[in-house]
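Protein chains in written order, with my numbering: chain A, 232 to 478; chain B, 1444 to 1666.
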């Protein structure tokens, strides 16, 4: 199996005359975590939506899950991709577990995570009958992540996953993401909270006005990283730092 | 298309409506208002009622249904649920069919409530085969709903979509409206044979359901 899970080849995305992405060329390796940084309007969300197959590039080519030279269009590979947006992507009128049961039933025939288990993994009570519309912002974010997890995606695209989250919830989400990376799943996440997500990142991609400014190695070496549950992982170190700075 | 996907979408839409009753309440109120207002405005005799009742019932249903159709995809637009649905392996046609059938059932509920009120206000008694109305109403309603759900999805990404939907829908619906009105009038007055119009309605339904299902995938994934 190829180690390249996705590839952007000179991809540009135009909205009218505005270029949200400009000739972006990036290769994403399997089992790695990519942190995408950039100011508002830099093209982070467009990059993720293009990778998710929700947007078609205006120019250039996006290949996802290419193996043995047989590249797949992201439109056809969408079901293997998990995409978490700014919005919850859930029905406000349904409870968390009702939403997840509905989405799980749309992945019929696939090895899905049980909705209750997915909710527990993000720290939500599956018996909570309250509709998602009445959840706090942090709870909505977690329910949204749980929706992404039910289909066991190989490629996880997370747009601002830590926004509106308290430090405890962010802590839990980071541990979960670190576990995914050890399972050889690829994570691409955008955030403005660099210090929080950086320890998770194998690579840091910086966008400016739709163009890639830099693609650097992450500040932590994950090649010999201890198991995610163990104390002293880069994520725990960073969390202690963030918690300390908040206190 | 696996029927199980379609049933999943249908069940979800029925559950959501059962909790909020938004569509049914607004349609019912609007439909009742039209029926009562027309009755007061024209104060028709029994003979006149038979001539105009088919048209009034169709128009009342049409306007009431548009108020619900405008909101048909509102829940999917809120919180970008539609994007989450686009990323699932479930085919778009099943989503469309589930949504159309759910809205069809909502409108049929409204028609079932409106019918006795209609008979009372217009002092109606059919001179033809009244049971044929049980064919005409669902066929005409399906024609309206299947196009309405499709064009509501088409206008999702436009500004002024509330205004746009009737502008696109009503011209397309004219042949079915004609079939519905002519067959209903034929049944109520007993003057003409409604069978040809009913066959035309059925053909319209088959053609437009097929075309909408075939094109919905394109609409769903359009930017």
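Ideal placement from N, C-alpha and C gives every residue a C-beta, glycine not left out.
Could you tell me which of the options sits nearest to residue i, measuring between CA atoms?
i               : options                            : result
residue 1507(B) : 1551(B), 1483(B), 1568(B)          : 1551(B)
residue 407(A)  : 423(A), 389(A), 424(A), 395(A)     : 389(A)
residue 309(A)  : 267(A), 382(A), 258(A)             : 382(A)
residue 245(A)  : 277(A), 270(A), 271(A), 267(A)     : 277(A)
residue 387(A)  : 357(A), 364(A), 259(A), 441(A)     : 259(A)
residue 238(A)  : 250(A), 247(A), 261(A)             : 261(A)
residue 311(A)  : 289(A), 337(A), 322(A)             : 337(A)
residue 1472(B) : 1665(B), 1636(B), 1578(B), 1553(B) : 1553(B)
residue 442(A)  : 247(A), 267(A), 430(A)             : 267(A)
residue 1703(B) : 1491(B), 1499(B), 1482(B), 1534(B) : Chain B is shown from 1444 up to 1666; residue 1703(B) falls before or after that span and cannot be answered.
residue 354(A)  : 294(A), 415(A), 403(A)             : 403(A)
residue 437(A)  : 340(A), 265(A), 240(A)             : 265(A)
residue 1647(B) : 1463(B), 1587(B), 1603(B), 1662(B) : 1587(B)
residue 1624(B) : 1640(B), 1461(B), 1611(B)          : 1640(B)
residue 1562(B) : 1449(B), 1656(B), 1496(B), 1502(B) : 1496(B)
residue 271(A)  : 422(A), 449(A), 447(A), 380(A)     : 422(A)
residue 1545(B) : 1461(B), 1574(B), 1657(B), 1664(B) : 1461(B)
residue 450(A)  : 440(A), 439(A), 430(A)             : 430(A)
residue 1578(B) : 1630(B), 1663(B), 1665(B), 1613(B) : 1630(B)
residue 1564(B) : 1502(B), 1615(B), 1517(B), 1483(B) : 1483(B)
residue 1614(B) : 1505(B), 1452(B), 1659(B), 1664(B) : 1505(B)
residue 324(A)  : 273(A), 315(A), 352(A), 361(A)     : 361(A)
In or out: residue i buried (at least 16 other Cβ within 10 Å) or exposed?
i               : result
residue 444(A)  : exposed
residue 1584(B) : buried
residue 471(A)  : Annotation note: pLDDT 47 at residue 471(A) (below 50); position unreliable, no value reported.
residue 1683(B) : Outside the displayed span of chain B (1444 to 1666) sits residue 1683(B), for which this structure offers no information.
residue 474(A)  : At residue 474(A), the pLDDT of 46 sits below 50, so the modelled position is not reliable and the matter cannot be decided from this model.
residue 478(A)  : Its pLDDT being 35, under 50, residue 478(A) is placed unreliably in this model, and the coordinates cannot settle the point.
residue 300(A)  : Unreliable placement is indicated for residue 300(A), whose pLDDT of 41 sits below 50; the coordinate value is still reported in the next sentence. When all chains shown are included, residue 300(A) counts as exposed.
residue 465(A)  : Residue placement at residue 465(A) cannot be trusted, given a pLDDT of 49 that sits under 50; what the coordinates show is reported in the next sentence. So residue 465(A) counts as buried.
residue 1477(B) : buried
residue 1456(B) : buried
residue 1523(B) : buried
residue 256(A)  : exposed
residue 1541(B) : buried
residue 1654(B) : exposed
residue 1620(B) : buried
residue 1628(B) : buried
residue 1480(B) : exposed
residue 457(A)  : With a pLDDT of 44 at residue 457(A), under the threshold of 50, the modelled position of this residue cannot be trusted; read the value that follows with caution. Residue 457(A) comes out exposed.
residue 1486(B) : exposed
residue 234(A)  : exposed
residue 372(A)  : buried
residue 1555(B) : exposed
residue 416(A)  : buried
residue 319(A)  : buried
residue 1606(B) : exposed
Between which two residues does the beta strand (DSSP E) containing residue i stretch?
i              : result
residue 224(A) : The requested residue 224(A) is not part of the displayed model; chain A covers only 232 to 478.
residue 237(A) : 235-246
residue 315(A) : 312-315
residue 265(A) : 264-268
residue 442(A) : 442-448
residue 390(A) : 386-390
residue 260(A) : 249-260
residue 419(A) : 417-421
For the alpha helix (DSSP H) containing residue i, name the first residue and the last one.
i               : result
residue 1616(B) : 1604-1632
residue 337(A)  : Per DSSP, residue 337(A) belongs to no alpha helix (DSSP H) and is neither H nor E.
residue 1424(B) : In the structure displayed, chain B extends from 1444 to 1666; residue 1424(B) sits before or after that span and is not available.
residue 1642(B) : 1638-1663
residue 1576(B) : 1576-1597
residue 1465(B) : 1465-1485
residue 1492(B) : 1489-1512
residue 277(A)  : 275-282
residue 411(A)  : 398-413
residue 368(A)  : 368-380
residue 346(A)  : 346-352
Listing by chain order, which chain D residues have their CB less than 7 angstroms from the CB of residue i?
i               : result
residue 1592(B) : Checking the listed chains, one finds no chain D in this structure; the protein chains it contains are A and B.
Could you please tell me which residues of the region 278-292 of chain A, in chain order, have their CB closer than 7 angstroms to any CB of chain B?
Across the region 278-292 of chain A, CB contacts with chain B closer than 7 angstroms involve 283, 285, 286, 287, in sequence order along the chain.
Count the C-beta pairs between the region 278-287 of chain A and the region 1525-1540 of chain B that are closer than 8 angstroms, then say yes if the count reaches three, no if not.
Short answer: they touch.
Taking any Cβ of chain B, which residues in the region 307-319 of chain A have a Cβ under 7 angstroms from it, in chain order?
Taken in chain order, the members of the region 307-319 of chain A whose beta-carbon sits within less than 7 angstroms of a beta-carbon on chain B are 309, 310, 312, 314, 316, 318, 319.
Interfacial residues, the region 338-353 of chain A to chain B, with Cβ spacing under 7 angstroms:
Answer in chain order: 338, 339.
For the region 376-405 of chain A, which residues have a beta carbon sitting closer than 7 angstroms to at least one beta carbon of chain B?
Answer in chain order: 378.
Residues within the region 1524-1539 of chain B neighbouring chain A, beta-carbon criterion of under 7 angstroms
Those would be 1524, 1526, 1527, 1529, 1530, 1531, 1532, 1533, in chain order.
Are the region 1587-1595 of chain B and the region 1500-1514 of chain B touching, with three or more C-beta to C-beta distances below 8 angstroms?
In short, these stretches touch, since the Cβ pair count reaches three.
contact_flag[the region 388-405 of chain A, the region 363-374 of chain A] where n(CB pairs < 8 angstroms) is 3 or more:
Contact holds between the region 388-405 of chain A and the region 363-374 of chain A, because three or more Cβ pairs, one in each stretch, are under 8 angstroms apart.
What are the residues in the region 319-332 of chain A lying within 7 angstroms of chain B by C-beta distance?
Within the region 319-332 of chain A, the residues whose Cβ lies closer than 7 angstroms to some Cβ of chain B are 319, 320, 321, 322, 323, 324, listed in chain order.
Residues of the region 405-421 of chain A in Cβ contact with chain B at a cutoff of 9 angstroms, in chain order, please.
So the list is empty, because no residue satisfies the distance condition.
What are the residues in the region 1446-1461 of chain B lying within 8 angstroms of chain A by C-beta distance?
Flagged, chain order: 1447, 1448, 1451, 1455, 1458, 1459.
Of all the residues that make up the region 1461-1482 of chain B, which are near chain A by a beta-carbon distance shorter than 8 angstroms?
Those residues of the region 1461-1482 of chain B that come within reach of chain A (Cβ to Cβ, closer than 8 angstroms) are 1462, 1463.
Members of the region 1489-1518 of chain B that neighbour chain A once the beta carbon cut-off is set at 7 angstroms:
Those residues of the region 1489-1518 of chain B placed with their C-beta closer than 7 angstroms to a C-beta in chain A are 1518, ordered along the chain.
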